[in-house]
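One structure is given here, and the rest of the page talks about it.
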Amino acid sequence: MYEYFDKKRYSDVDLILSAGDLRPEYLSFLVDMLNKRCYYVRGNHDIVYDVEPPLGCMDIDGKVVNYEGIRILGLEGSMWYGGRGVEQTDWQMGWKV
82 MYEYFDKKRY SDVDLILSAG DLRPEYLSFL VDMLNKRCYY VRGNHDIVYD VEPPLGCMDI
142 DGKVVNYEGI RILGLEGSMW YGGRGVEQTD WQMGWKV
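Following our numbering, the numbering of the sequence shown begins with 82 at its first residue and continues without gaps.
Okay, structure coming up:
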């Protein structure tokens with residue numbers, strides 16, 4: 082990825098936000114290349130984050146962060162497909178909210 086990445090194409094990026102289902106290495110790569118803050122919540126395919134979180138990124142699940150006057154709420158999870166990873170029932174998500 083490094084040899085094909087054109088940093089100039091992303092010069093207007095101020096912040097990296099991930100809503101899940103991206104490999105941790107990819108988020109770490111973006112932080113490394115763009116030198117920007119990265120916030121994320123996990124998706125239902127992000128089980129590996131428990132042992133290999135993305136470097137340079139902040140998990141904001143259940144938190145409110147302020148970025149340059151903009152409040153961002155992190156709320157991870159997905160529909161219930163059998164209970165793997167961050168899957169939640171409607172009741173669980175309602176309680177979490």
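Yeah, the Cβ is synthetic: ideal placement off N, Cα and C, and Gly gets one too.
| Per DSSP, cross-strand counterpart(s) of Asn60 | Residue 60 is absent from the model: the chain starts at 82 and stops at 178.
| query | Just the Cα atoms here: how many angstroms apart are Tyr83 and Ile153? | reply | 30 Å
| said: Considering only their Cβ atoms, is the gap separating Leu156 from Asp171 smaller than 8 Å? | reply: No, Cβ-Cβ distance for Asp171 and Leu156 is not below 8 Å.
| request: For the segment 114-126 and the segment 93-103, state whether three or more C-beta atom pairs, one from each stretch, are separated by less than 8 Å. | output: yes
| message | Using only CA atoms, which one of Arg104, Tyr162, Trp161, Trp176 lies nearest to Val132? | response | Arg104
| message | For Ser109, report the span of its alpha helix (DSSP H) as first-last. | response | 105-115
| request: Taking only the alpha-carbon atoms, compute the straight-line gap between Val146 and Phe86 and give it to the nearest angstrom. | output: Here the C-alpha atom of Val146 lies approximately 29 Å from the C-alpha atom of Phe86.
| Contact check, Met114 vs Lys88 under 8 Å by CB: the rounded distance? | 6 Å
| Can you tell which of Gly163, Gln173, Tyr91 has the C-alpha that lies nearest to the C-alpha of His126? | Gly163
| Which residues in the same chain as Val94 place their Cβ atom closer than 7 Å to its Cβ, once the five residues preceding and following it in sequence are excluded? | Leu115, Lys117
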